[in-house]
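**Student:**
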Amino acid sequence: MSWRKELTSLVTASSGVTALIGNRFYAAKAPVKAGSSQPDFPFATYRTVAVRNTNSKSGPSTLEFRTIQIDAQAADTQAAEAVYRAIRAAIENYASTTGEIRRIVYETDREDYNEDNRAAIIQADYLLTLSLT
């Protein structure tokens, strides 16, 4: 399973997350509602912001460190923060010996506002350790 599918499964398997956003967890950009120019709030998106491979002198690297940003967006800051906290609780310190994602570590977060959507945003960065084998 690809890390994107694995991440989506982890997030959407959480009852805390689905109670707030259902299955509205998207790669990069949320679709707009039918008949509207706005997405259906609240929702979350994710994107890669940095990738670092491990160095290996014995062959191709088998580990990758990928920093992703997850944006929780809602009509107000309180709702965006609730989505952010639910997602963080679902994935923070995740560890596995199977699958592509081996570990997820929370790094930092910040608040923002999207003028186009008139949405409050909580952006959080996570470091994913991925197995490339």
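The numbering used here applies: residue 8 is where the sequence shown begins, and numbers increase by one.
Where is the CB? At the ideal position from N, CA and C, for every residue including glycine.
In this text the structure is predicted, and so the values were computed from the model without any measurement.
In or out: Q90 buried (at least 16 other Cβ within 10 Å) or exposed?
**Tutor:** According to the sequence as given, residue 90 is Val; it is not Gln. Looking at its Cβ environment, which holds 16 or more other Cβ atoms inside 10 Å, V90 is buried.
**Student:** In angstroms with no decimal places, state the Cα-to-Cα distance between P46 and A37.
**Tutor:** About 6 Å.
**Student:** With A126 and Q80 assumed to form a contact (beta carbons below 8 Å), what rounded beta-carbon distance in angstroms separates them?
**Tutor:** Right, the Cβ-Cβ distance comes to about 5 Å (below 8 Å), so this counts as a contact.
**Student:** With distances taken Cα to Cα, identify the nearest neighbour of S43 among N124, A131 and I128.
**Tutor:** Among N124, A131 and I128, the Cα nearest to that of S43 belongs to N124.
**Student:** Between E107 and the rest of its own chain, which residues show a CB-CB distance below 7 Å, the 5 nearest in sequence each way excluded?
**Tutor:** Cβ within range, chain order: M8, S9, W10, E13, L137 and S138.
**Student:** What would DSSP say about L137, mapped onto helix, strand or coil?
**Tutor:** If DSSP states are grouped into helix, strand and coil, L137 belongs with the strands.
**Student:** Rounded to a whole number of angstroms, what is the C-alpha to C-alpha distance between L134 and I111?
**Tutor:** Rounded to the nearest angstrom, the two C-alpha atoms are 6 Å apart.
**Student:** Using only CA atoms, which one of V24, A20 and A51 lies nearest to Y33?
**Tutor:** Of V24, A20 and A51, the residue nearest in Cα terms is A51.
**Student:** Following the continuous alpha helix (DSSP H) through Y91, name the residue where it begins and the one where it ends.
**Tutor:** Counting along the chain, the alpha helix (DSSP H) containing Y91 begins and ends at T84 to I98.
**Student:** Between which two residues does the beta strand (DSSP E) carrying V112 extend?
**Tutor:** Where V112 is concerned, the enclosing beta strand (DSSP E) stretches over I108 to N121.
**Student:** Using 8 Å for Cβ pairs, my map puts Y113 next to A102. What's the rounded Cβ distance?
**Tutor:** Actually they are not in contact, since the Cβ atoms of Y113 and A102 sit about 13 Å apart, beyond 8 Å.
**Student:** Assign P67 to one of two classes, buried (16 or more other C-beta atoms within 10 Å of its C-beta) or exposed (fewer than that).
**Tutor:** With fewer than 16 other Cβ atoms within 10 Å, it is exposed.
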